[in-house]
Structure formats: structure tokens, C-alpha cells
Amino acid sequence: MKQTPEMDAIQRQMRPGVITRDGFLGSDARKLADILEFDNAEVNRLGLTHEGIAARMRELRDAGRKGIGLATRVDPHFEVRVDSVRGKLPCPFGHAGLVQKMNTTVRNLAGGREITYTDLNIHMIGGHGFYEGRGSAFRLEPSELKEILEIPESPPPPSPGMPPGLR
Amino acid sequence: MLTAFLISVGVMCAITTVLAVLMILADATIANYGDVRITINDSKQITVEGGRHLLATLKDEQIFIPSACGGRGSCGLCKLKILEGAGDPLPTELPWLAPDEQRRKVRLSCQVKVKNPLRIEIPEELFNVKQYEAEVTAIRDLTYDIKEVRLKLLSPAAISFRAGQFVQFEVPPYELSNEPVYRAYSISSDPGKEDEIEMEIRYVPNGICTTYVHRHLKTGDKAVVNGPYGDFYLRDTNRGIVFVAGGSGMAPIKSILHQMLNEGNRRTARYFFGARAVKDLFLLDEMKDFQSKLPDFQFIPALSEPGPGDDWSGEQGLITDVVDRCLETVDNTEAYLCGSPLMIDACIEVLKNKGMPGELIYYDKFA
Amino acid sequence: MTEIGWFAIFFSAVFTNNILLTNYLGMCSFLGASKNVKTALGLGSAVIFVMTFTSVLNWLVYHHVLVRLDLVYLRFIVFIIVIAAFVQIVEMIIERVSEALYAALGIFLPLITVNCAILGVSLFMIIREYTLAASFAYGLGSGVGWAVAILAMAGIREKTARSRIPRGLEGAGITLIIAGIMALAFMGFNGMINLN
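Going line by line, the protein sequences match chains C, A and W.
The number in the working numbering is simply the position in the first sequence, starting from 1, with 4 added.
The number in the working numbering is simply the position in the second sequence, starting from 1, with 25 added.
The number in the working numbering is simply the position in the third sequence, starting from 1, with 4 added.
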């Protein structure tokens, strides 16, 4: 599907070597607009919202920060390890503001599964609905996020419907 | 028939040629900005060739404005006050400029094109910043993920910096990255040795610079750095000193320790070095050496997660807990912190809880 | 065709025979660059400039080169080449004078080249056998008319930015409907000037 020149510019920012070594697209050959639409539909299908997912990621990160790199026990059954390094990264979507380089690893002790995400991931998911391209090492599948982080489903947003006079 | 064909082709060529000449003329006059005068701080005046962005133009004049993204408008570090001559802020600049910055005529120098005479303001300390061409003389492993890189400066051949400052290291295009990128690293070497600098660079997965340094850089390679930058340095007082730095955060501390040795500094100093396991410890011999040569310096390493085979009898626990436990007093003491943002935030909290005033806690912030 | 005063031609080109709202030429930039008044003003000014001078240039090339050498069939190619070169020069001027406007216009500046209204004006003046002075008036008038239309559209779109528009019609849909309503309004000018 064709996308706007602005999206093309953002997709160029996501290529390897521009912001990070491997970029944000992995081996995904689709256009950014398609990737966003596909993941958006997937998130809707799971009964979640981008903001809701990002909020949960943030919540677990903040609970684990005090460990400064040590695994911290977070109720009810999580182990969270938060690491950070110096320096900041820009968001490929081209707006101002830099994101700290912080990695959060959450291990769900009940299921035994583990997932790792960065602060930039949290921002790109909550602000832009972007989960990285397929094949990227930092790609986050919405279904995995839902399962491992145990994100509760949110009620769907009310649809606009007909204006009162036209009903 | 043939004549008709030739006439039509001839006329087309003539028309296109005339138009092409017209465009060349236009390019040479309208798009040619000629020489432009830039007035700096209302005192210094330079004349430059117009048409390029201010950041690149100043770089050619040996004035180095900090930049991490190399002029692509994605780091916001190259802000300068442009009082006259720059027109309105571009759409690419506006997201980076707060309303009060816009009022004070702050602009992103990598987006502003030099066309009309400019009046700009440059902070004094940036005039000491130079670009150095250097050669890699040594790369050695400090740990499994930290390398120490030593550069011999070629041109200019000497650098004068304060212990604690950092340089911007230029990563040339390599593999998949095709534009240069800049990353900041603290200088870990002795400020007294002006012809070389050392940096401690830790490998970060998916990092553009650290991958270059750890997988591609070899001794003998040429490197470009610019600096020195930063206001993290030892303040000239008589207070006791607390250093807290882990991993590659040791770099500026080591440089400061060299400086203390050089000037015979007698201040009390404690260095709390936080690491995870024994394999994360390094330069222990150098630290022992400082301990023996400085009148009142102690190096206190602490492990937060010793490995199964680690035989460790030193301090254990999170570095913040160790500082809390072992630091006897914060009276008349200043703190110098360097390391990951999480560690720095946690340390500031601990020190403030012990009664240290915030103004006496110095930490290294690159951007 | 009877001789029509150049003022009448100018006036009709702006209102009664508006190149955009009556002849429906030049729609793509109209739809794409009419989101805010500032950009619309910039683009409108550029189009006025290009339309006026290319119609004069094309008139000169047509009558003194093509007709004289019996190469009238080349007019389409030649007109486009002249327009393209001229737009390049206008781009350089805008970049020089206002970098902010150049960045705001973006892709729409070179798109002026393929704006069918520009070629349309040149072809209309040939069909209607205008004199040089009349062509100048017609080019200027069409440019002003196009600019008036895009400014009006930008004003309307800025005002309706917060309105509740039915989901399927957002963007191009509602803009085309507004354009249609504007064209209907301009039809009210019909009959004021008879251009034959």
C-alpha cells in the first residue's frame, strides 16, 4: 500500500545504522503503514490498546528499577531486572525528545516465560503503536506481551455512531 | 520530409538548450550565496562560503558545536542563539525548541542555512573544543565487555583537558550504517599526558558505536574525536571526596585520580566501585597503585551478584546499600557520580538521605 | 472571436471562468496543500508567478517559433519543457528567500510543473487566440483565481478542523464535497461576462 512521504522518511530512519545498529525493521519487507495497521488490528483483536500495553510495561519497569540491575521480585509472580547505560536515543518518528537507554527484562515465574523491552519500545508502542518489524531482535509480539505481562483486556472505545439529529 | 524532421529536432534542441543555459545562470546567481559574514558574540567576525548549514560551516572554521547525530536534526544538541539573519525556525527545528527558547532566538544550528549575514552567540567554553585526528595505538580488554582504547593524537598533536571531561568519538560509515555518527566517551587518561587520550568503551547490544569499536576497530586505524566537553571535573576545594562509579563509569574517575596524583592532592577520597560479579572487576592493580601513592585514598569494590565460583570477601550488595553502610560521614564532603542513569538516581537519593546537599553532588550527564 | 478588453479577461479568469472551480484543472495540489492558510498563500503566490510568466513565455515561443516554422504539433512538449524550467527557477528563488516556506511547501513546489492548470492556461490562450497582452491578463487572472480558490479552501478547512466529519469522508472526501459546493457558488457568477 502506498504511504505518505512523511512515513517514507520515518521508515528510512528505522533502517540499520541510522539510530541503532540493526534498525527497527528486521527482515520485514512491508511498508511501515502496513506494519502499523496489521499490529493495530492484532491489538484490537486481543482486546487491548497501545496505551494500555505501554502503561503495563512502564508499571513493571518502575517496580523493578530499585534493583539497579539486580532481579527484583514484583507481586504477584514476576521477576524484573532493569539495566541502563549512558546516552539517549531519538525516536525514529522524528519528533523532539530523547529516550534513555534502559532495558527491562520481565520473567513471569508462573509461566516461566521471559520478555525484554527497552524504554524506546515503551515509547514507540504507547505513542505510535509500533512493535518493530518482523525479524527484528527487539520485535515485541502483542500476544506475547499480553500473556507474559498479564495485561488485562480493556473495554473497546465507544464508536462515533450517528449524530443525534440523524438517528 | 527530412528537412521537416531536422527542423523540428533542431528547434527542440534549441529550445531546451536555451532553457538549460537559463537555469545554469539562475543556479549561479540565485542559488549562489557567495561570501557571508558571521559575527560571533558581537566581537569576532568571520567570512564564510554561504549555502551550507551553520553547523558544518562553523566546523570548517574550527568551531565545534556539540552534535551526536552529525547534523540530521535528531539529537537537539547543536542549539545556538542566532540573533539576526536566520529567518523563521524551520518545521524540523520547532519540535526541539521550547517557547522560551524560541523567544530567545535559540535555533538548531544544523538546520539553519547560511545565506544572509548572521549575528550569533557561542558559549566561551566551546572555543576550546577542537577536532583531533588520531591513531589507535592500543586496544585492550578490561573485561569481557569493556575495551580500553588508546589514541595518539596526530593533528593537533596535543589536547588540554580537565580530568573528567569527555570527547565525541566519530564512528565512520561501516557495514550497514552509511553516515557518520558521534558518541560521547569520558577520557580516562592522565591529563598531564597531552599527546594521547584513553577511553573505556563498554559493548552495548545493537549499539552503532560500541559494535564498531568492539568488532571493527584495530590498532593502527585512524580515528576522529572532538572535544573536550563537559563540566564534570574535580572542584578546587578542601572537602572530602566520594566517588561512585561502576563499569565504564570509572573512566572520568581514573582521570581525576591521575590529576590528584600529579598535583599532590591530599584530600580524603573514597571510591565505591559497584559491579555485579568478579568478572566485572578491572584495573584493580591500578587502583591499588593509586591507594599506595595517594595520601588518603581508598578503593572499595562491591559485588551485587557474585557468581557461583567467585571467591569474594569484599563488600557485597547493591552499591547504594554499600555506600549507605560504609560511608562514615557526609560532613564537608562532595560526591562525584558516574555510571548508568539508574545508579546515579539511586545514589543521589541515598546521599541526600544521609544529609548531603544536592549542590555538592556532581554527576556526569552527557546531554 | 470579438476583441475583449484585458480587464474583462482578468476578471472572468478569476471569477466566472475560474480555472479550478469552473474548468476543474489543478486539483491535486489544491486538495493536498490546502490544510492551512499560510501554506496555501505561499503555494498560491508561487502558482500566480508561474502561470503569468509561463503563459507569456509560451505565447512568445508559440507565435514566434512554432507557428513560424510550422511546428505547431510540438506545442504540448515545448510548453511542458518551458514550464518545468521555470518552476525550477522559482524553486531556487523560494529557497533563497524563505527556507521555512520552501520546507513547508515540500513536494508541492516541483509538483507545480505537472499542475494541469498551468498547461491548461497556455493551451486555452492558444485556442481562444488571445493577443500577448490578453495572454498576460489571462495568465495573471487564472493564477489569482487559483490562489483565491485554494485560500478559500484553506480557510474553510482550518475552520472545519474540529468539526465532526463522518468517518469515511475524512480527508479527501470532505474536501472534494467542499470543492463541489464552492464550484456551485462560483456558478452564480455565470453570465456576468460572455467569453463566447
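Just so it is clear, CB atoms sit at the ideal spot from N, CA and C, and this is done for glycine as well.
Predicted model only: the values in this text are computed from it and were never measured.
Classification of residue i by the beta-carbon crowding that lies within 10 angstroms, buried from 16 upward
i	result
Ser317(A)	exposed
Glu55(C)	exposed
Phe57(W)	buried
Met381(A)	buried
Phe42(C)	exposed
Lys42(W)	exposed
Gln341(A)	exposed
Met224(A)	buried
Thr122(C)	buried
Gly169(C)	Because the pLDDT at Gly169(C) is just 44, under 50, the model does not fix this residue reliably, and the value given afterwards should be weighed accordingly. Gly169(C) comes out exposed.
Met191(W)	exposed
Ile49(A)	exposed
Phe11(W)	exposed
Ile131(W)	exposed
Ala392(A)	Confidence at Ala392(A) is low in this model, with a pLDDT of 46, below 50, so its placement is unreliable and the value that follows should be read with caution. When all chains shown are included, Ala392(A) counts as exposed.
Phe80(W)	exposed
Arg240(A)	exposed
Gln15(C)	buried
Met5(W)	No answer about Met5(W) holds up, because its pLDDT of 43 lies below 50 and its placement is not dependable.
Ile155(C)	buried
Chain-ordered chain E contacts of residue i [CB-CB under 9 Å]
i	result
Val36(A)	As a matter of chain content, chain E is missing from the structure shown, whose protein chains are C, A and W.
Chain-ordered chain A contacts of residue i [CB-CB under 8 Å]
i	result
His99(C)	Pro120
Met3(W)	Residue 3(W) is absent from the model: chain W starts at 5 and stops at 200.
Ile14(C)	The premise fails here: Ile14(C) is roughly 11 Å from chain A at the closest Cβ pair, so nothing lies under 8 Å.
Ile85(W)	Ile40, Thr41, Leu44
Residue closest to residue i, alpha-carbon to alpha-carbon, out of the options
i	options	result
Arg175(A)	Ile222(A), Ile63(A), Asp256(A)	Ile222(A)
Gly27(C)	Asn203(A), Gly299(A), Tyr157(A)	Asn203(A)
Asn287(A)	Ala93(A), Gly217(A), Asp346(A)	Gly217(A)
Lys172(A)	Gln87(A), Val229(A), Tyr254(A)	Val229(A)
Asp256(A)	Leu115(A), Glu118(A), Ser211(A)	Ser211(A)
Ile32(A)	Gly30(W), Ser38(W), Tyr77(W)	Tyr77(W)
Pro146(C)	His81(C), Cys95(C), Leu52(C), Ile14(C)	Leu52(C)
Ala294(A)	Met285(A), Phe152(A), Arg301(A), Ala300(A)	Met285(A)
Met11(C)	Ala59(C), Gly98(C), Pro94(C), Val89(C)	Gly98(C)
Ser10(A)	Val89(C), Gly71(C), Leu93(C)	Past the edges of chain A, shown from 26 to 392, lies residue 10(A), and the structure says nothing about it.
Val86(C)	Glu63(C), Met128(C), Ser158(C), Ala100(C)	Glu63(C)
Thr235(A)	Gln7(C), Asn112(C), Thr24(C), Gln17(C)	Thr24(C)
Leu105(W)	Gly48(W), Phe15(W), Ile185(W)	Gly48(W)
Contacts that residue i makes with chain A (C-beta to C-beta distance below 7 Å)
i	result
Arg69(C)	Leu367
Asp26(C)	Asn231
Glu103(W)	Gly112, Leu115, Lys138
Proximal residues of chain A, C-beta to C-beta of residue i below 9 Å
i	result
Val65(W)	Ile40
Val86(C)	Leu367
Gly21(C)	Pro198, Tyr199, Glu200, Leu201, Ser202, Asn203, Glu204, Val206, Ile233
8 Å Cβ cut-off: residues of chain W touching residue i
i	result
Ala183(A)	Going along chain W, no residue has its Cβ under 8 Å from Ala183(A), so there is no contact; the nearest lies around 40 Å.
Leu47(A)	Ala89, Ile93
Leu143(A)	In chain order: nothing, as chain W lies at least about 13 Å away.
Proximity below 9 Å, CB of residue i to CB of residue j
i	j	result
Gly143(W)	Met129(W)	yes
Asp113(A)	Ser102(W)	yes
Ala151(W)	Val54(W)	no
Ala188(A)	His78(A)	no
Phe298(A)	Leu362(A)	no
Val303(A)	Leu328(A)	yes
Ile154(W)	Ala44(W)	yes
Tyr237(A)	Tyr199(A)	yes
Ala163(A)	Thr82(A)	no
Amino acids of chain C, ordered along the chain, whose beta-carbon sits closer than 9 Å to that of residue i
i	result
Arg208(A)	Gly91
Ala371(A)	Arg69, Lys70, Ile72
Contacts of residue i in chain W (Cβ-Cβ under 9 Å)
i	result
Ile32(A)	Leu73, Asp74, Leu75
Open item on the list: Residues of the stretch 309-329 of chain A in Cβ contact with chain C at a cutoff of 7 Å, in chain order, please.
Closed with: Using a CB distance below 7 Å, the part of the stretch 309-329 of chain A facing chain C consists of Ser329, ordered along the chain.
Task: Where the stretch 163-177 of chain A meets chain C: residues whose CB sits under 7 Å from a CB there - done: If you check each beta-carbon in the stretch 163-177 of chain A against every beta-carbon of chain C, none falls closer than 7 Å.
- [ ] Output, in sequence order along the chain, the residues in the stretch 333-362 of chain A whose CB is closer than 8 Å to any CB in chain C.
- [x] Within the stretch 333-362 of chain A, the residues whose Cβ lies closer than 8 Å to some Cβ of chain C are Leu343, Ile344, Thr345, listed in chain order.
TODO: Could you name the residues of the stretch 185-205 of chain A whose beta carbon sits closer than 9 Å to any beta carbon of chain C, in the order they occur along the chain?
DONE: For the stretch 185-205 of chain A, which is checked against every Cβ of chain C, the residues closer than 9 Å are Pro198, Tyr199, Glu200, Leu201, Ser202, Asn203, Glu204.
Task: chain A contacts from the stretch 19-53 of chain W (Cβ-Cβ distance under 9 Å) - done: The stretch 19-53 of chain W vs chain A, Cβ under 9 Å: nothing.
- [ ] Quick one: which residues of the stretch 41-75 of chain A get their C-beta closer than 7 Å to a C-beta of chain W? List them in chain order.
- [x] Listed in sequence order: Thr41, Leu44, Leu47, Met48, Ala51, Asp52, Ile55, Ala56.
Task: Within 8 Å of chain A by C-beta, residues of the stretch 95-128 of chain W in sequence order - done: Answer set for the stretch 95-128 of chain W: Met96, Ile97, Glu99, Arg100, Ser102, Glu103, Ala104, Ala107, Ala108.
- [ ] Give the residues from the stretch 44-76 of chain C that approach chain A closer than 8 Å (Cβ to any Cβ), ordered along the chain.
- [x] Of all residues in the stretch 44-76 of chain C, those with a C-beta nearer than 8 Å to a C-beta of chain A are Arg69, Lys70, Gly71, Ile72, Gly73, Leu74, reading in chain order.
TODO: Could you list the residues in the stretch 124-149 of chain C with a C-beta less than 9 Å from some C-beta on chain A, going in chain order?
DONE: Listed in sequence order: Ala141, Phe142.
Open item on the list: Give me the subset of the stretch 232-251 of chain A whose CB atoms are less than 8 Å from a CB atom of chain C, sorted by chain position.
Closed with: The stretch 232-251 of chain A vs chain C, Cβ under 8 Å: Gly232, Ile233, Thr236.
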